[in-house]
Amino acid sequence: MIALHDITACRFPGAHAFFRPYGKRSFPRYAKLFRELGGEQCGVNLLSGHILSTNLTELVEQEKIYGDFVYNFRYLREDEMQQFADQGEDKRVYAIHYTAYTTEGGKYVPWMKRQLLNKGVRFVQRQINTVRDLFPDFDVIVNCAGLNGGKVAGDGDDKNMFPIRGIIFEVNATWHNHFLYKGFETFTIPTTDKVFIGSVKQAGRYDLAIKPSDRADILGRYYRLQPAIRNSAILSEWSGLRPGRKGGVRLEMTTFRYPAPSARYSVPSSESEAQERIITNSAILSEWSGLRPGRKGGVRLEMTTFRYPAPSARYSVPSSESAAQERIITVVHNYGHGGHGLTLSWGCAETVADFVVGKSTEPA
1 MIALHDITAC RFPGAHAFFR PYGKRSFPRY AKLFRELGGE QCGVNLLSGH ILSTNLTELV
61 EQEKIYGDFV YNFRYLREDE MQQFADQGED KRVYAIHYTA YTTEGGKYVP WMKRQLLNKG
121 VRFVQRQINT VRDLFPDFDV IVNCAGLNGG KVAGDGDDKN MFPIRGIIFE VNATWHNHFL
181 YKGFETFTIP TTDKVFIGSV KQAGRYDLAI KPSDRADILG RYYRLQPAIR NSAILSEWSG
241 LRPGRKGGVR LEMTTFRYPA PSARYSVPSS ESEAQERIIT NSAILSEWSG LRPGRKGGVR
301 LEMTTFRYPA PSARYSVPSS ESAAQERIIT VVHNYGHGGH GLTLSWGCAE TVADFVVGKS
361 TEPA
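Counting from 1, one number per residue, gives the positions in the sequence shown under the UniProt record's numbering.
Shown next, in the form of structure tokens:
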């Protein structure tokens, strides 16, 4: 695994995940971790709570996305809504309830790194400008560069990437045991030993400094939603940039033909293969409708093959002799998850693995 920064040094304290195709594949993974390890060890906990909105269509979209695989999904009754009668809304307020898993990135990511180290994975800190930097040494490359994913792809997709600024406050409110959302920017999410309050979703902003106006806005909104938390001490504050992408998640596999270098990292082919491996190329673009940046039209599936000739024949059709000196490079792009990196992570990872080993050319 090659990255510019140590993965555990990245800013994950406010990352959390609530759970269609990739999220549905992730859900059983988190259920297993919660049963076998618990939140203290791996950061995964089981929570119930409500999402409030004056837009009923917005809540119906949530039901379509995950209502059939989270637990206990339902709409609150009129009498149950009385507890939120003081919200000062001119429009009627609706709410859904469900139970799902929250994944605390500050614990989950270091735990995941330990599992990988135990399996012999090497972590290398190195700057990668584009995936082509890795062609001489690797046959399979997975681009998970987040906000820089388009730049690393090196194919012009950087124009589709944009930051979505977010802010989280960590508060000492261990008595608060349920998540509570109003819309999708005002929320609390309890974790093992703290509660997170958020947030904003400001597309196109790169600045990370938290201003007094940010604090007044975010905390003021949540204090109106649940006044009792006003007395809870703020332990820390965090701001970060979610990797938004026009068109939603880019989950795509591309194959290149490349001149054969040192085979230091190559996986040897069988003698029956003519010194090259042909791997199916599939492209998937996915959305989470109704949530953070997605793609209109839902999942997009494409298949593309690229032939990468030897430098001496860069613009010509390679001869059989030059073809024998080439090899196939497979690149999988997996980025643009917006604010749902943890929610979609395991489902996307399984899909990437399926593509690499040739099990699937279809979306999850």
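The beta-carbon is built from N, C-alpha and C at its ideal position, and this holds for glycine as well.
### Message
DSSP three-state label for E61, please.
### Response
Position 61 of the sequence shown, counting from 1, holds the residue named residue 61. Helix.
### Task
Rounded to whole angstroms, what's the CA-CA distance from R29 to W346? Just pull it up for me.
What you label residue 29 is simply residue 29 of the sequence shown in a count that begins at 1. What you label residue 346 is simply residue 346 of the sequence shown in a count that begins at 1. Spanning the two alpha carbons is a distance of roughly 7 angstroms.
### Task
Please look up how many angstroms separate the CB atoms of I167 and S199, rounded, as I've assumed it's under 8 angstroms.
Position 167 of the sequence shown, counted from the start, is the residue given in the question as residue 167. Position 199 of the sequence shown, counted from the start, is the residue given in the question as residue 199. Contact holds; Cβ gap of about 6 angstroms.
### Message
Less than 9 angstroms between the beta carbons of L116 and I96, yes or no?
### Response
As a position in the sequence shown, residue 116 is number 116, starting the count at 1. As a position in the sequence shown, residue 96 is number 96, starting the count at 1. Not closer than 9 angstroms, so no.
#### Entry: Within-9 angstroms CB hit, Y71 to chain C
In the structure shown, chain C does not exist; there is a single protein chain.
### Message
Once the 5 residues before and after Q130 are set aside, which same chain residues still bring their CB inside 8 angstroms of it?
### Response
Numbered from 1 along the sequence shown, position 130 holds the residue referred to as residue 130. Sequence check: residue 130 is Thr here, not Gln. So the qualifying residues of the chain are K151, V152, A153, G154.
### Query
Out of V93, R126, P212, which has the shortest C-alpha to C-alpha gap to Q82?
On the sequence shown, residue 82 is found 82 positions in, with the first residue counted as 1. Q82 has its Cα closest to that of V93, out of V93, R126, P212.
### Task
Drop a sphere of 10 angstroms on the beta-carbon of N118, count the other beta-carbons inside from all chains shown, and report buried for 16 or more, exposed for fewer.
Taking the sequence shown and counting its residues from 1, the one referred to as residue 118 is at position 118. N118 comes out exposed.
### Message
Could you compute how far the alpha carbon of H176 sits from the alpha carbon of D193?
### Response
On the sequence shown, residue 176 is found 176 positions in, with the first residue counted as 1. On the sequence shown, residue 193 is found 193 positions in, with the first residue counted as 1. Approximately 10 angstroms between the Cα atoms of the pair.
### Query
Are the beta-carbon atoms belonging to R250 and H333 less than 9 angstroms from one another?
Working through the sequence shown from its first residue, we reach residue 250 at position 250. Working through the sequence shown from its first residue, we reach residue 333 at position 333. Yes, the Cβ-Cβ distance between R250 and H333 is below 9 angstroms.
### Task
Return helix, strand or coil for E326, following the three-state DSSP convention.
Translated into the one-based positions of the sequence shown, residue 326 becomes position 326. It is a strand residue.
### Task
Label P190 either buried or exposed according to how many other C-beta atoms from any shown protein chain fall within 10 Å of its C-beta, with 16 as the threshold for buried.
On the sequence shown, position 190 is the one that residue 190 refers to. With a 10 Å radius around the Cβ and a threshold of 16 neighbouring Cβ atoms, P190 comes out buried.
#### Entry: Whole runs of the alpha helix (DSSP H) within the stretch 27 to 56, excluding any shorter than 4 residues
39 to 42
### Task
Put L208 into one of helix, strand or coil per three-state DSSP.
For the purposes of this step, residue 208 is identified with residue 208 of the sequence shown, where counting begins at 1. Three-state result, L208: coil.
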